[in-house]
Structure formats: C-alpha cells, structure tokens
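Data block below; observations after.
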Amino acid sequence: MKSIRKPPRDEIQFATPSGWAVARVRGHVSQHAYRVLYRGQYVGWLSHAEDGWRWHIVPMMRGRIRVSARPYDTWQVAASYLGRTDIARRIAGVGNAPRVTEWRRHYSVRGEPWVPKPEKRTEAVRS
Numbered sequence: 001m002k003s004i005r006k007p008p009r010d011e012i013q014f015a016t017p018s019g020w021a022v023a024r025v026r027g028h029v030s031q032h033a034y035r036v037l038y039r040g041q042y043v044g045w046l047s048h049a050e051d052g053w054r055w056h057i058v059p060m061m062r063g064r065i066r067v068s069a070r071p072y073d074t075w076q077v078a079a080s081y082l083g084r085t086d087i088a089r090r091i092a093g094v095g096n097a098p099r100v101t102e103w104r105r106h107y108s109v110r111g112e113p114w115v116p117k118p119e120k121r122t123e124a125v126r127s
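Quick note on numbering: the numbering used here labels position 4 of the sequence shown as 4, and the sequence is numbered without any gaps.
Here it is as structure tokens:
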C-alpha cells in the first residue's frame, strides 16, 4: 500500500495588511522562486534571474504559463504587476491589487524586513 504524501507547506516570508503574501515552498529546490498568495489562495510565482524579477501565472485547467514580458528591478514591482493581471484581479477582487508602496512598507512575519535571498552560483574548479 502506497503512502499518501502531503503537499509541501508554504513558509510565509512576508504579508501585507490587505491580505497579500509572499511565501517559499518548504522543501522546494529553487532558492529564487516565491509563491504569491492572496488571503491564502495561490495567485502566481515570482522568480529571479540574471536580468531581473519576473512574475508567472499558470491558470487552472489551461496548461499554459503566462510570464511577464519584461523583467522588473525589484520583487516588489514584479509582485505589484502580478496583482494587476486579470487572473489576480479575479482572485482578489477588482481594486485589491497590491501597490509598490504597500510592499515596501512591509514587515515580515518574524517582525523584521524581508529580502529574497540572491541565487547562489558555483563555478567549476579547473585542475
């Protein structure tokens, strides 16, 4: 008999008073991808690459991924634009998109300002 694995829990890294949150998935391999939630409901992802931050949305039952056309300088700006997409507006209700200023005036769940960790890069050693 196979055991049923529970899905990994989100580790809330940051939450706004209006209900938006940024979370890491516990046990997730990537150190530079974060889940965006509105009142506990999944909205999309933020990811960091060399060119900047991008938002990603995977609409339920559609199987295709929407990615921001351009990279953003900070995760706060990327999260604000993610909150303005049609899918996020439908989930959160019109007018409840997070503003950049709301993300910047934040305090993490632990009570200290939160900044995503940069991706660690390793280089091969030549012998």
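Even glycine gets a Cβ: it sits at the ideal position worked out from N, Cα and C.
Per the DSSP calculation, residue i is bridged to which residue(s)?
i: S47; result: A33, R54
i: Y38; result: W20, Q41
i: A15; result: A21
i: R84; result: According to DSSP, R84 bridges with nothing at all.
i: V67; result: H56
Once you ignore the five residues that flank residue i on each side, which residues in its own chain have a CB closer than 6 Å to its CB?
i: V58; result: I65
i: A21; result: I12, A15, L37
i: Y72; result: G52, W53, A78
Rounded to whole angstroms, what's the CA-CA distance from residue i to residue j? Just pull it up for me.
i: I87; j: D51; result: 25 Å
i: L46; j: Y34; result: 5 Å
i: W53; j: T74; result: 6 Å
i: P17; j: A49; result: 28 Å
Return the chain-ordered list of same chain residues with a C-beta closer than 7 Å to the C-beta of residue i, the five sequence neighbours on each side being excluded.
i: G44; result: V36, W55, H56, I57, L82, A88
i: G19; result: Y38, R39
i: A23; result: D10, E11, I12, Q13, Y34, R35, L37
Just mark residue i as buried or exposed, buried being the case when its beta carbon has 16 or more other beta carbons within 10 Å.
i: V67; result: exposed
i: A79; result: buried
i: P98; result: buried
i: Q41; result: exposed
i: A92; result: buried
Specify the secondary structure class of residue i as computed by DSSP and reduced to three states.
i: Y72; result: strand
i: I91; result: helix
For residue i, which residues of its own chain have a beta-carbon under 8 Å away from its beta-carbon, when the five flanking residues on both sides are left out?
i: R90; result: none
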